[in-house]
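Report on the following structure.
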Amino acid sequence: MSASTSTTLPVTLTHRFADDLPELALDWQAAEAPEPRLLVLNQPLAVELGLDPDWLRSPDGVRFLVGGLVPDDARPVAQGYAGHQFGGYSPRLGDGRALLLGELTDAEGRLRDLHLKGSGRTPFARGGDGLAVVGPMLREYVVSEAMHALGIPTTRSLAVVWTGRGVQRETVLPGAVLTRVASSHLRVGSFQYARALCAQSGDLDLLRRLTDHAIARHHPHAAEADNPALALFEAVVAAQADLVARWMLVGFVHGVMNTDNVTISGETIDYGPCAFMEAFDPATSFSSIDEGGRYAYGNQPTITEWDLARLAEALLPLLHDDEGKAITLATTALQGFRPRYSAAWDAGWRAKLGLAAETPEADGTEEVVTDFLALLQTEHPDLTSFLVALRAGTARDHVVDLAAYDAWHTRWQALGPDLDLMGRTNPVRTPRNRLVEAALTAANAGDLAPLGPLLQAVTAPYGEAEGLDEFAQPAPDTADSYVTFCGT
Ligand code: AMP
Ligand code: MG
Numbered sequence: 022m023s024a025s026t027s028t029t030l031p032v033t034l035t036h037r038f039a040d041d042l043p044e045l046a047l048d049w050q051a052a053e054a055p056e057p058r059l060l061v062l063n064q065p066l067a068v069e070l071g072l073d074p075d076w077l078r079s080p081d082g083v084r085f086l087v088g089g090l091v092p093d094d095a096r097p098v099a100q101g102y103a104g105h106q107f108g109g110y111s112p113r114l115g116d117g118r119a120l121l122l123g124e125l126t127d128a129e130g131r132l133r134d135l136h137l138k139g140s141g142r143t144p145f146a147r148g149g150d151g152l153a154v155v156g157p158m159l160r161e162y163v164v165s166e167a168m169h170a171l172g173i174p175t176t177r178s179l180a181v182v183w184t185g186r187g188v189q190r191e192t193v194l195p196g197a198v199l200t201r202v203a204s205s206h207l208r209v210g211s212f213q214y215a216r217a218l219c220a221q222s223g224d225l226d227l228l229r230r231l232t233d234h235a236i237a238r239h240h241p242h243a244a245e246a247d248n249p250a251l252a253l254f255e256a257v258v259a260a261q262a263d264l265v266a267r268w269m270l271v272g273f274v275h276g277v278m279n280t281d282n283v284t285i286s287g288e289t290i291d292y293g294p295c296a297f298m299e300a301f302d303p304a305t306s307f308s309s310i311d312e313g314g315r316y317a318y319g320n321q322p323t324i325t326e327w328d329l330a331r332l333a334e335a336l337l338p339l340l341h342d343d344e345g346k347a348i349t350l351a352t353t354a355l356q357g358f359r360p361r362y363s364a365a366w367d368a369g370w371r372a373k374l375g376l377a378a379e380t381p382e383a384d385g386t387e388e389v390v391t392d393f394l395a396l397l398q399t400e401h402p403d404l405t406s407f408l409v410a411l412r413a414g415t416a417r418d419h420v421v422d423l424a425a426y427d428a429w430h431t432r433w434q435a436l437g438p439d440l441d442l443m444g445r446t447n448p449v450r451t452p453r454n455r456l457v458e459a460a461l462t463a464a465n466a467g468d469l470a471p472l473g474p475l476l477q478a479v480t481a482p483y484g485e486a487e488g489l490d491e492f493a494q495p496a497p498d499t500a501d502s503y504v505t506f507c508g509t
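Numbering (this note's numbering), first residue to last: 22 to 509.
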């Protein structure tokens, strides 16, 4: 821990989380970045947050982005949380290398967390060095901004700053700090941690305050319910069912869906070994540490449901005084997950195939969707380019079983697919694994040139774009050998 300078800056940060939930907030400061240099700044996001991009680019602004300069009234904290990691419970995780600088009120009056990743060891660091390196921080920047452009709820990335410090990994790599923005950093693991602290103290005050804080920030309608904690749980179930359906519809594999990486807001968080599939296969898994494929593409909905069951367990004492009744309430609420997910998945596929949201049962739309999904299972196409080709009338060039495809295509055409709708619901450009990797490798070596076109492509995923064709195509050979490493 090193001293950061506190001063009057053109930024106001509140500390509502730290005030409401001191048991989950450890006052802390960022480690000093010896020679901070801005690698990338998200200008539109800065403006949305009411921050002056020119100031953020100045020496003071860059120091602010790494936590070296904090406003007088700010109160940076490391947040405590627990989590099930690959199914095993860790009672004390927390921000080992991260800090919540505070909350900003954005141009629309919404409260947004400003958070650092890679800002030095905290008391939650355990054996870790508290640091992050350029590659994984840029990966989070690129993929989170791609997800946002796809309309998928996510934390955002404001900047990546090179710290000037070498970080020991397998080799020495350039250190970096990611400045991240989220509607909050409340996780399922925050509730697990609060519940455990309540078990120690013998009263439920902390869990109640955490629930109230979460309701106020994310699901305010739950405050009006007869059982606000139950209404919060139901709202999180719905938000997470919608979120994972959105991932599935674009072929996104998160890679590390531990309960500490599942938000209460319903935003995607903690981009580590994530990637987009380039050949449709439910068993797709990119993470080098996910040997059993627990977090493979096809498992993501059931894993989300499993993570939500852990949230229910943490909330039980607030659901009902009688534990049996609390379990019944939680179980019933969790049973809402599957229908909610299925509805989002079905509606998503109808739109992607240009078909009406609601049709009479007998018109065959449902079967056309089901049979298209079966086609994906047998043909293993790259989802993104295959749907673009379908819209353009060239998908036949990419299939092996032509008879099956032709029969399906005739039935699909008979439904009169809406090509405009398909254009709005099927991205053309996604973060292609080889191109992400090439940009990160170059950035590690100090060359930021490939990052520009990559960001340009993934932040404008729909429609035509000149000069960005390679971002529309999967790797020429099958992409399944792609391996990502945990974001450390
Ligand atoms: P993640 O896999 O990034 O979600 O992190 C899981 C947990 O490990 C969190 O508690 C992190 O703060 C912690 N962690 C990950 N990397 C490091 C590191 N280099 N130093 C300290 N803590 C870390
Ligand atoms: Mg995490």
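Every residue gets a Cβ at the ideal spot worked out from N, C-alpha and C, and that includes glycine.
Because the structure is a prediction, the values reported are computed rather than measured.
Task: Residue range of the alpha helix (DSSP H) that includes Glu326 - done: By one-based count along the sequence shown, residue 326 stands at place 305. Unbroken alpha helix (DSSP H) run through Glu326: Gln321 to Leu340.
Task: Contact test: Ile290 Cβ vs the ligand MG heavy atom, cutoff 8 Å - done: As a working mapping, residue 290 is identified with position 269 in the sequence shown. Within the cutoff, so yes.
TODO: In angstroms with no decimal places, state the Cα-to-Cα distance between Gly223 and Ala463.
DONE: On the sequence shown, position 202 is the one that residue 223 refers to. On the sequence shown, position 442 is the one that residue 463 refers to. In a straight line, the C-alpha of Gly223 is about 54 Å away from that of Ala463.
TODO: Please find out if some non-hydrogen atom of the ligand MG comes closer than 8 Å to the beta-carbon of Asp281.
DONE: The sequence position of residue 281 within the sequence shown is 260, counting from 1. Relative to the ligand MG, the beta carbon of Asp281 is positioned inside 8 Å of a heavy atom.
- [ ] Put Ser308 into one of helix, strand or coil per three-state DSSP.
- [x] Working through the sequence shown from its first residue, we reach residue 308 at position 287. In the three-state scheme derived from DSSP, where H, G and I count as helix and E and B as strand, Ser308 is classed as strand.
Task: CA nearest to the CA of Val32, picked from Pro92, Gln50 and Val61 - done: What you label residue 32 is simply residue 11 of the sequence shown in a count that begins at 1. Minimum Cα-Cα distance from Val32 among the listed residues Pro92, Gln50 and Val61 corresponds to Pro92.
Open item on the list: Please determine whether the Cβ atom of Val277 lies at a distance below 8 Å from any heavy atom of the ligand MG.
Closed with: Counting from one through the sequence shown, the residue named residue 277 turns up at place 256. Yes, Cβ of Val277 sits closer than 8 Å to a heavy atom of the ligand MG.
- [ ] Go through the stretch 46-89 residue by residue and report every complete run of the beta strand (DSSP E) that reaches 3 residues or more, in order.
- [x] DSSP runs (the beta strand (DSSP E)) wholly in the stretch 46-89: 46-48 and 58-62.
TODO: Let me know the beta strand (DSSP E) ranges lying completely inside the stretch 441-496, each 3 residues or longer, listed in chain order.
DONE: With a minimum length of 3 residues, no continuous beta strand (DSSP E) run stays inside the stretch 441-496.
TODO: Starting from the C-beta of Arg131, find all residues in its chain whose C-beta is less than 8 Å away, skip the five residues before and the five after it, and write them out in chain order.
DONE: Walking along the sequence shown from the start, residue 131 turns up at place 110. Same-chain partners within the cutoff: Ser204.
TODO: State yes or no: is the C-beta of Leu42 within less than 9 Å of the C-beta of Leu227?
DONE: Counting from one through the sequence shown, the residue named residue 42 turns up at place 21. Counting from one through the sequence shown, the residue named residue 227 turns up at place 206. Cβ atoms of Leu42 and Leu227: closer than 9 Å.
TODO: Quick one: grab the DSSP three-state call for Leu264.
DONE: For the purposes of this step, residue 264 is taken as residue 243 along the sequence shown, with counting starting at 1. Helix, per DSSP.
Open item on the list: With a threshold of 6 Å on Cβ separation, who are the neighbours of Pro322 within its own chain once the five nearest residues in sequence on each side are excluded?
Closed with: As a first step, residue 322 is located in the sequence shown; it is residue number 301 there, counting from the start. Taking Pro322 as the centre and dropping the five residues before and after it, the same chain places the C-beta of Val265 and Tyr362 closer than 6 Å to its C-beta, in chain order.
TODO: Determine the contact status of Leu456 and Glu491, defining contact as a CB-CB distance below 9 Å.
DONE: The count along the sequence shown starts at 1 and reaches residue 456 at position 435. The count along the sequence shown starts at 1 and reaches residue 491 at position 470. Yes, the Cβ-Cβ distance between Leu456 and Glu491 is below 9 Å.
Open item on the list: With a threshold of 7 Å on Cβ separation, who are the neighbours of Ala39 within its own chain once the five nearest residues in sequence on each side are excluded?
Closed with: Position 18 of the sequence shown, counted from the first residue, corresponds to residue 39. Ala46, Arg96 and Val98, listed in sequence order.
Task: Spatial neighbours of Asp127 in its chain, beta-carbon cut-off 8 Å, leaving aside the 5 residues before and after - done: Reading the sequence shown from its first residue, position 106 is the one you call residue 127. Excluding sequence neighbours, Asp127 sits near Glu69, Leu70, Gly71 and Arg133.
Open item on the list: Any heavy atom of the ligand AMP closer than 8 Å to the beta-carbon of Gln106?
Closed with: Here residue 106 refers to the residue found at position 85 of the sequence shown. Checking the Cβ of Gln106 against the ligand AMP gives yes.
Task: Distance between Arg453 and Leu171 (C-alpha atoms, nearest Å) - done: Within the sequence shown, residue 171 is the residue found at index 150, counting from 1. Within the sequence shown, residue 453 is the residue found at index 432, counting from 1. CA-CA distance, Leu171 to Arg453, rounds to 14 Å.
Open item on the list: Helix, strand or coil, according to DSSP, for Val198 in the structure here?
Closed with: As a first step, residue 198 is located in the sequence shown; it is residue number 177 there, counting from the start. Here Val198 sits in strand by DSSP.
Open item on the list: I'd like the list of long-range same chain contacts for Tyr214, defined as Cβ closer than 6 Å, with 5 residues on each side in sequence excluded.
Closed with: Within the sequence shown, the letter at position 193 stands for residue 214. Closer than 6 Å at Cβ, skipping near neighbours: Gly101, Tyr102 and Ala103.
Open item on the list: I believe Leu137 touches Ala220 by the beta-carbon criterion, under 8 Å. Please report the beta-carbon distance rounded to the nearest angstrom.
Closed with: Position 116 of the sequence shown, counting from 1, holds the residue named residue 137. Position 199 of the sequence shown, counting from 1, holds the residue named residue 220. 31 Å between Cβ atoms; not a contact.
- [ ] Check whether the stretch 162-170 touches the stretch 441-452, taking contact to mean three or more Cβ pairs, one atom from each stretch, closer than 8 Å.
- [x] Output reads yes: the stretch 441-452 touches the stretch 162-170.
- [ ] Would you mind giving the Cβ-Cβ distance between Ala197 and Leu77, rounded to the nearest angstrom? I have them listed as a contact below 8 Å.
- [x] Here residue 197 refers to the residue found at position 176 of the sequence shown. Here residue 77 refers to the residue found at position 56 of the sequence shown. The pair is not a contact, with the Cβ atoms about 16 Å apart (cut-off 8 Å).
TODO: Determine which residues share a DSSP beta bridge with Leu120 and list them.
DONE: Position 99 of the sequence shown, counted from the first residue, corresponds to residue 120. DSSP lists Leu137 as partners of Leu120.
Task: Arg208 - partner residues in DSSP beta bridges - done: Taking the sequence shown and counting its residues from 1, one reaches residue 208 at position 187. Note: Arg208 sits in a beta bridge opposite Thr284.
Open item on the list: From the DSSP secondary-structure annotation, give me the bridge partner or partners of Trp183.
Closed with: On the sequence shown, residue 183 is found 162 positions in, with the first residue counted as 1. DSSP lists Arg58 and Ala197 as the bridge partner or partners of Trp183.
TODO: Sort Asn248, Arg432 and Pro112 by Cα distance to Leu342 and report the nearest one.
DONE: Here the question's residue 342 lines up with position 321 in the sequence shown. According to the sequence provided, residue 342 is Asp. The question's Leu does not apply to it. Of Asn248, Arg432 and Pro112, the residue nearest in Cα terms is Asn248.
Task: Distance between Pro241 and Ala67 (C-alpha atoms, nearest Å) - done: In the sequence shown, residue 67 corresponds to position 46, counting from 1. In the sequence shown, residue 241 corresponds to position 220, counting from 1. Each residue's Cα considered, the two are about 26 Å apart.
Open item on the list: Using the Cβ count rule (16 or more neighbours within 10 Å means buried), how would you classify Val390?
Closed with: Your numbering for residue 390 matches position 369 in the sequence shown. Buried: at least 16 other Cβ atoms inside 10 Å.
- [ ] Take His275 and list the residues in its own chain whose beta-carbon comes closer than 6 Å to its own, dropping the five residues that flank it on each side.
- [x] Counting from 1 along the sequence shown, the entry for residue 275 is found at position 254. Hits under 6 Å: Cys295.
Task: Nearest neighbour of Glu326, chosen from Arg238, Gly313 and Ala354 [CA to CA] - done: For the purposes of this step, residue 326 is taken as residue 305 along the sequence shown, with counting starting at 1. Among Arg238, Gly313 and Ala354, the Cα nearest to that of Glu326 is on Ala354.
Open item on the list: Under DSSP, the beta strand (DSSP E) around Gly104 begins and ends at which residues?
Closed with: By 1-based counting over the sequence shown, the position of residue 104 is 83. Counting along the chain, the beta strand (DSSP E) containing Gly104 begins and ends at Gly104 to Gln106.
Task: Any non-hydrogen atom of the ligand NAD within 8 Å of Gly151 CB - done: Although the ligand NAD was asked about, the structure shown includes only the ligand AMP and the ligand MG as ligands.
Task: Spatial neighbours of Met22 in its chain, beta-carbon cut-off 6 Å, leaving aside the 5 residues before and after - done: As a first step, residue 22 is located in the sequence shown; it is residue number 1 there, counting from the start. Caution is warranted here: a pLDDT of 46 is assigned to Met22, below 50, making its placement in the model unreliable, and the coordinate value is therefore given only provisionally. Within the same chain, Gln50 come within 6 Å of Met22 by CB-CB distance, once the 5 residues on both sides are set aside.
- [ ] Using beta-carbon positions only, say whether Val87 and Ser165 come within less than 9 Å of one another.
- [x] One-based indexing of the sequence shown puts residue 87 at position 66. One-based indexing of the sequence shown puts residue 165 at position 144. No.
Open item on the list: Does the distance between the C-beta of Ala425 and the nearest non-hydrogen atom of the ligand AMP fall short of 8 Å?
Closed with: Locating residue 425 in the sequence shown gives position 404, where the first residue counts as 1. Flag unset: Cβ of Ala425 not near the ligand AMP.
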